[in-house]
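Structure record follows, encoded as structure tokens.
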Amino acid sequence: MAPTLLQIEDLHTQFFTSRGVVHAVDGVNLHIDAGEVLGVVGESGCGKTITALSVLRLVPDPGKIVSGRILFRGKDVTKMDDQEIREFRGNDVAMIFQDPMTSLNPVTRIGPQIEEAMTAHNRFTQQQARTRVIDLLKRVRVPAAESRVKDYPHQFSGGMRQRAMIAMGLANEPALLIADEPTTALDVTVQAQIIQLMKQLNRELGTAMMLITHNMALVASLCTRIVVMYAGRIVEEGPVDQIFKSPQHPYTWSLLRSVPRVDEARKDRLVSIRGLPPDLSNPPPGCKFHPRCPFVIDHCKEEEPPLGEVGPNQLARCWVLMRTVSDEAIDNARAASLASSEAAKKLKQAVPDAGR
Amino acid sequence: MALAQPAIDQPIDWEVPEKQLGLWSDAWQRFRRNRLALVGAVIVVVLVLIAVLSPLLVHFGVIQDPYHQDVANIEATPGMAGHPLGSDELGRDTLARLMYGSQISLTVGLLVQVIIFPIGLAIGLAAGYAGGRIDNLLMRFTDIWYAFPDLLFVLVVVSVWHPSGSPFFQLLPIFGAIALVNWVGLARLIRGQVLSIKEKEFIEAARSSGSAPIKLVLKHLLPNSLGPIIVTLTFGIPQAIFLEAVLSFLGVGIQPPTPTWGQMVFDGYEAVYANPSSAVFPALAIGCTLLAFSFIGDGLRDALDPRMRR
Amino acid sequence: MQAAEPRRAPAAAVDPVLLRVENAYKYFPIAGFGGESVRAVDGVTLEVRRGEALGLVGESGCGKSTLARLITALLPVTRGSIVFDGQDITKLRGGKLRKVRRKMQMIFQDPFASLDPRMTVGDIIAEPLDNYRIGSGPERTLRVAELLRLVGLNPNFTNRYPHEFSGGQRQRIGIARALAVNPSFIVCDEAVSALDVSIAAQIINLLQDLQREFNLTYLFIAHDLAVVRHLSDRIAVMYLGKVVETAGRNDIYDHPQHPYTRALLSSIPVPDPAVERDRDPILLKGEIPSPVNPPSGCRFHTRCPIARAPGICSEQEPQLEAHGHRDQVAACHFAGQF
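Residue numbers (the working numbering), protein chains in the order written: chain D, 31 to 386; chain A, -2 to 307; chain G, 0 to 337.
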């Protein structure tokens, strides 16, 4: 049994804005074991990035970790003092971000930037750091690493920059690497290379990873376990195979069926979730997903469901659960659409022949 | 899971998030929160009131007639004989002259912008939108114009062209000269705005919707550039006021007996040891006015900056 | 409301091809001395048939966005012709071009940048109606309301501003605007790339419904092959300014003929862990070359797993030829031989 590296207990991170308190992370419990790759999935505003930033205590103003514990190897990150947190960041846990162009200093060469990550923690001398940088770049498969070390970020292509970021993240051999949408800004063929790289690094170095993304395919490719977030809470979690095969929460189900697959010829309608994500400063009563849920029942509007066990190691926060939903209800969910055919008829009558 | 019929009959997304502030209301709110800007605005309002009401005040005897020479009280110190701020070397009441002088300063400040605006707008829009050779030509022309020493040019103009008659006519060459010298900044700014907005997708969308170039310029480019234009014009006011004061100081502005602040400083400057108040007060007036407009300008710049919204 | 164009006499045989791009080139000169250009579109020949949805895919630098702008006459061609509904639009200017524009509209990628922030939603949608003088004031108001209803938005909010709507809603406003003048051809330039997954699904469904209702022809540009496969009838793949393969959407997936297409398809992860575990993606070596100085011969040869270089692949540029099934064409000296 791999030891638990990171344990987040009932984390609440809130933003105190002029329009009210935004509950960005609203009671999140999750854990990551050594060496595993956990996927944190959700759409914009669900709180996945803020959760990650909370782990590193990098939540931007006006946000604050309000309550909860974040235990890394037993030690509570929220209670660390400045010295301890600086040693923790980049050393025990490192983070890489979506857009490598803005995460890298454009006026410093790549080599010194990666060196800085190492010398900041006093684990390597300047000399050692310099040789290690080349090794790191080689490990992330940057060709001609010895000469590339002297390049500036703008001389690297997008994929290369992301590799440099990964090298920087791994510089101090962290036990956990948090990757926030690491491939969103990259081309598909480059994305495939980065995914391959991350798989290899996980295997070779045993680095645990927390992959934050809205891309379900990415998760299927890299992760062993996933956690689905909505409106600041976890709505489902479980092993990746189970979740993909039989998702129990309607949101997870909708998400999986709203993604077109490149290997499928069907031209069925995609499932789309109606409505808008909730206002986190004024969330709906009961289950936060209920206004958009295609399978909502009355109880959902009254009481928020707890995270309950729905299968071996699988948890879901729902009163209804997909396995109890009829086929007919599922068909109706698919048929829901946006366009109005009466409006279409009226428009066709109005301008019958323009431009045909 | 085949469907009976492809339904497009249920519009789902009728909700719209609650009404948010319009762009101008939001800007106004932000402006209001800026204390310095509000102070500036208050000062300017007071100044305008003074400029407008001062003839009335003289008529009702609240203040003295600025043209009246109280021979018995030449170079009075402030507070003496009904001269709250003293009098100058001809016995004319300083306070009254200051108040009348505000008329000139404000008129120059504001009207110069009125002249600058169309010139800068035309050149900036044309250069920014047309690009290529026209842009090059216009910008080189602008550069050459910019290279002229402002003050020299203004001095030449007012020396050569000095109509007599009412103060307003006397002001014409001053308006003209100051405007002609100061349009460059606005033109360049507008050009820059146009260049950056031109590439945005909503302009492409307007083009593909069939909008003609004139429409693009007037309905899309111009409204989206208004923010920085307003700020620039606001900062132009103190610039113009100062330039007029300098001209008056040098004696080439409006001729006496019309009181202008610059001239008052000049007159008082000669007698500064005997009667400091007659130089200090007009200088203070100029300074406060410049500051007030600058605060407003800063406040507007922050309020209209789209990035600082919400 | 009057139709702005007179009814055309029915043609003896309507040309099944609505848009024909022939040898289009677009070079962007680079400032400074040296005379180099970015060869964004470097000899593209393509056709879009009436009523179909043609998907155009490729990675950065392939020129698909530039091609979209050549087709909608937002950019002038350096060379070549673009024949839309029988007319070569590269030769049109001013009023004549505007008339053709009415028949082809575009939906843009960025829902935040494609709507003028200073105009109300009603004005934005009415702008094309205004440009083409369709309908009187009240008729236009009605039409705008109908358009909003059509795309699933509440028609009472015509006096709101774009910033008050969400990304998906703004994209729908853009769609309403594109439909305002009843075009026959719509170019969707990465129309769903900037949207969240479930919102993108709404828009994809909407686009499909609208195509059916109004008999539209689409050119759907995206980098996400899964989305393209879902929406398109035929797919064209671009690499570094040229089309390397065109085929029906099942053909291109089941038996791609060009090695780039094959590598592209295999790079795309599938949302199914079981499939992903077994998959072994073909990883291309290196990165996409610069469009300023594309490789000699076949542009893809520097990264191609089956290239003969030095050899025919680095010397001779392959042309699009029939390979594979049906109307599939690919530009490769060794098409299909993997």
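Glycine is no exception: its CB is placed at the ideal position from the N, C-alpha and C atoms.
- [ ] Decide if Y217 of chain G is buried, meaning its Cβ has at least 16 other Cβ atoms within 10 Å, or exposed.
- [x] Along the third sequence, one-based indexing puts residue 217 of chain G at 218. Classification for Y217 of chain G: buried.
TODO: Within its chain, find whatever has a CB closer than 6 Å to the CB of A4 of chain A; leave out the 5 residues flanking it on each side and keep chain order.
DONE: Sequence index remark: in the second sequence, residue 4 of chain A carries index 7 (1-based). With a pLDDT of 31 at A4 of chain A, under the threshold of 50, the modelled position of this residue cannot be trusted, and the question is left open.
- [ ] Just the chain G side, please: which residues come within less than 7 Å of P225 of chain A by C-beta, in chain order?
- [x] Numbered from its first residue, the second sequence carries residue 225 of chain A at position 228. Near P225 of chain A there are no residues of chain G at all, since even the closest Cβ is about 14 Å away, more than 7 Å.
Open item on the list: Need the endpoints of the alpha helix (DSSP H) that R298 of chain A sits in, please.
Closed with: Start at 1 with the first residue of the second sequence, and residue 298 of chain A comes out as number 301. Here the alpha helix (DSSP H) through R298 of chain A covers 274 to 301.
TODO: Please state whether DSSP places P8 of chain A in a helix, a strand or coil.
DONE: Taking the second sequence and counting its residues from 1, the one referred to as residue 8 of chain A is at position 11. With a pLDDT of 42 at P8 of chain A, under the threshold of 50, the modelled position of this residue cannot be trusted; read the value that follows with caution. Coil.
Open item on the list: Quick check on C61 of chain G: buried or exposed, where buried means 16 or more other Cβ atoms within 10 Å of its Cβ?
Closed with: Walking along the third sequence from the start, residue 61 of chain G turns up at place 62. Buried: at least 16 other Cβ atoms inside 10 Å.
Open item on the list: Suppose the cutoff is 6 Å on Cβ atoms and the five residues either side in sequence are ignored; what does the same chain contact list for L218 of chain A look like?
Closed with: For this step, residue 218 of chain A is matched to residue 221 along the second sequence. Here the set comprises V191, I194.
- [ ] Give, in chain order, every residue of the segment 66 to 82 of chain D whose Cβ lies closer than 7 Å to some Cβ of chain G.
- [x] E73, S74
Task: Beta-carbon proximity check, P324 of chain D vs R353 of chain D, cutoff 9 Å - done: The sequence position of residue 324 of chain D within the first sequence is 294, counting from 1. The sequence position of residue 353 of chain D within the first sequence is 323, counting from 1. Contact: no.
Task: Contacts around D383 of chain D, its chain only, beta-carbon distance under 7 Å, and the 5 residues preceding and following it disregarded - done: Taking the first residue of the first sequence as position 1, residue 383 of chain D is located at position 353. In this prediction, D383 of chain D scores a pLDDT of 46, lower than 50, which makes its location untrustworthy; the coordinate-derived value is nonetheless stated afterwards. Answer for D383 of chain D: no residue qualifies.
- [ ] Determine the direct distance from the alpha carbon of S163 of chain A to that of I40 of chain A, and round the result to whole angstroms.
- [x] Position 43 of the second sequence, counted from the first residue, corresponds to residue 40 of chain A. Position 166 of the second sequence, counted from the first residue, corresponds to residue 163 of chain A. The alpha-carbon atoms of I40 of chain A and S163 of chain A are separated by roughly 28 Å.
Task: H322 of chain G versus S64 of chain G: straight-line alpha-carbon distance, rounded - done: In the third sequence, the residue the question calls residue 322 of chain G occupies position 323. In the third sequence, the residue the question calls residue 64 of chain G occupies position 65. Taking the straight line from one Cα to the other gives about 27 Å.
Open item on the list: Could you compute how far the alpha carbon of R30 of chain A sits from the alpha carbon of D299 of chain A?
Closed with: Here residue 30 of chain A is taken as the residue at index 33 of the second sequence, counted from 1. Here residue 299 of chain A is taken as the residue at index 302 of the second sequence, counted from 1. Computed Cα separation, rounded: 11 Å.
Task: Residue of G:Q104, G:G335, G:Q170 minimising C-alpha distance to Q256 of chain G - done: In the third sequence, residue 256 of chain G corresponds to position 257, counting from 1. Across the set G:Q104, G:G335, G:Q170, the C-alpha of G:G335 shows the shortest separation from the C-alpha of Q256 of chain G.
Open item on the list: For E332 of chain D, tell me which candidate among D:F319, D:L166, D:D165, D:E294 has the shortest Cα-Cα distance.
Closed with: Looking up residue 332 of chain D in the first sequence gives position 302. That would be D:F319, whose Cα lies nearest to the Cα of E332 of chain D.
Open item on the list: Counting only C-beta atoms, is V82 of chain G closer than 9 Å to chain D at any point?
Closed with: Here residue 82 of chain G corresponds to residue number 83 of the third sequence, with the count starting at 1. Judged by the 9 Å Cβ criterion, V82 of chain G is not in contact with chain D.
Open item on the list: Helix, strand or coil for M198 of chain D? Go by DSSP, reduced to three states.
Closed with: The residue given as residue 198 of chain D occupies position 168 in the first sequence. Three-state DSSP puts M198 of chain D in a helix.
Open item on the list: With the cut-off set at 9 Å, would you say V150 of chain G and L114 of chain G are in Cβ contact?
Closed with: Sequence index remark: in the third sequence, residue 150 of chain G carries index 151 (1-based). Sequence index remark: in the third sequence, residue 114 of chain G carries index 115 (1-based). No.
TODO: Give a yes or no on whether the C-beta atoms belonging to A238 of chain D and L286 of chain D are separated by under 9 Å.
DONE: The residue you call residue 238 of chain D lines up with position 208 of the first sequence. The residue you call residue 286 of chain D lines up with position 256 of the first sequence. Contact flag unset, no.
Open item on the list: Is the beta carbon of V179 of chain D closer than 9 Å to that of E286 of chain G?
Closed with: On the third sequence, residue 286 of chain G is found 287 positions in, with the first residue counted as 1. On the first sequence, residue 179 of chain D is found 149 positions in, with the first residue counted as 1. Not a contact, by the Cβ cut-off of 9 Å.
Open item on the list: Comparing C-alpha positions only, which one of D:V301, D:G188, D:L88 sits nearest to Q223 of chain D?
Closed with: Taking the first sequence and counting its residues from 1, the one referred to as residue 223 of chain D is at position 193. A check of alpha carbon separations from Q223 of chain D across D:V301, D:G188, D:L88 identifies D:G188 as the nearest.
Open item on the list: Under 8 Å: do the segment 107 to 122 of chain A and the segment 232 to 240 of chain A share three or more Cβ pairs, one atom per stretch?
Closed with: yes
- [ ] From the DSSP output, in three-state form, read off G42 of chain G for me.
- [x] Taking the third sequence and counting its residues from 1, one reaches residue 42 of chain G at position 43. Reduced to three states, the DSSP call for G42 of chain G is strand.
Task: Residues of the segment 214 to 228 of chain D with Cβ closer than 8 Å to any Cβ of chain G, in chain order - done: The residues in question are D217, V218, T219, V220, Q221, A222, Q223, I225, Q226.
Task: Those runs of the alpha helix (DSSP H) which lie wholly inside the segment 71 to 146 of chain A and span at least 4 residues - done: 91 to 127, 129 to 144
TODO: Per DSSP, which residues does R119 of chain D bridge with? Please list them.
DONE: Residue mapping note: residue 119 of chain D aligns to position 89 of the first sequence, counting from 1. Looking at the DSSP output, R119 of chain D shares a beta bridge with D:V123.
Task: Assumed close pair L96 of chain G, K25 of chain G - CB separation to whole angstroms, cut-off 8 Å - done: As a working note, residue 96 of chain G is residue 97 in the third sequence. As a working note, residue 25 of chain G is residue 26 in the third sequence. Between K25 of chain G and L96 of chain G the Cβ distance is about 17 Å, and since that is not below 8 Å, they are no contact.
- [ ] Tell me, please, which residues DSSP counts as bridged to H61 of chain D.
- [x] Numbered from 1 along the first sequence, position 31 holds the residue referred to as residue 61 of chain D. H61 of chain D is bridged to D:Q37.
Open item on the list: Rounded to whole angstroms, what is the Cα-Cα separation between E275 of chain G and A82 of chain D?
Closed with: Here residue 275 of chain G is taken as the residue at index 276 of the third sequence, counted from 1. Here residue 82 of chain D is taken as the residue at index 52 of the first sequence, counted from 1. Their backbone Cα atoms lie some 26 Å apart in a straight line.
Open item on the list: Alpha carbons only, please: which of D:Q272, D:L166, D:Y281 is nearest the one belonging to A273 of chain G?
Closed with: By 1-based counting over the third sequence, the position of residue 273 of chain G is 274. The candidate whose alpha carbon is nearest that of A273 of chain G is D:Q272.
Open item on the list: Report the start-end ranges of each alpha helix (DSSP H) in the segment 60 to 99 of chain D that is 4 residues or longer and not cut off at the edges.
Closed with: If one requires a minimum length of 4 residues, the alpha helix (DSSP H) runs lying completely within the segment 60 to 99 of chain D are 78 to 85, in chain order.
Open item on the list: I want to verify the contact list: residues of chain A whose CB lies under 8 Å from the CB of M105 of chain G, in sequence order.
Closed with: Taking the first residue of the third sequence as 1, we reach residue 105 of chain G at position 106. Within chain A, the residues near M105 of chain G are E201, A202, S205.
TODO: Quick one: list the residues of chain G neighbouring S208 of chain A, beta-carbon separation under 7 Å, in chain order.
DONE: The count along the second sequence starts at 1 and reaches residue 208 of chain A at position 211. Near S208 of chain A (Cβ distances below 7 Å), the residues of chain G are E126, N130.
Task: Contact check, R103 of chain D vs L35 of chain D, beta carbons under 9 Å - done: The sequence position of residue 103 of chain D within the first sequence is 73, counting from 1. The sequence position of residue 35 of chain D within the first sequence is 5, counting from 1. Contact: yes.
TODO: Tell me whether M118 of chain G is buried or exposed, calling it buried when 16 or more other Cβ atoms sit within 10 Å of its Cβ.
DONE: For the purposes of this step, residue 118 of chain G is identified with residue 119 of the third sequence, where counting begins at 1. Result: buried.
TODO: Grab me the residues of L20 of chain A's own chain with a C-beta within less than 6 Å of its C-beta, minus the 5 sequence neighbours each way, in chain order.
DONE: Taking the second sequence and counting its residues from 1, one reaches residue 20 of chain A at position 23. Around L20 of chain A: no qualifying Cβ.
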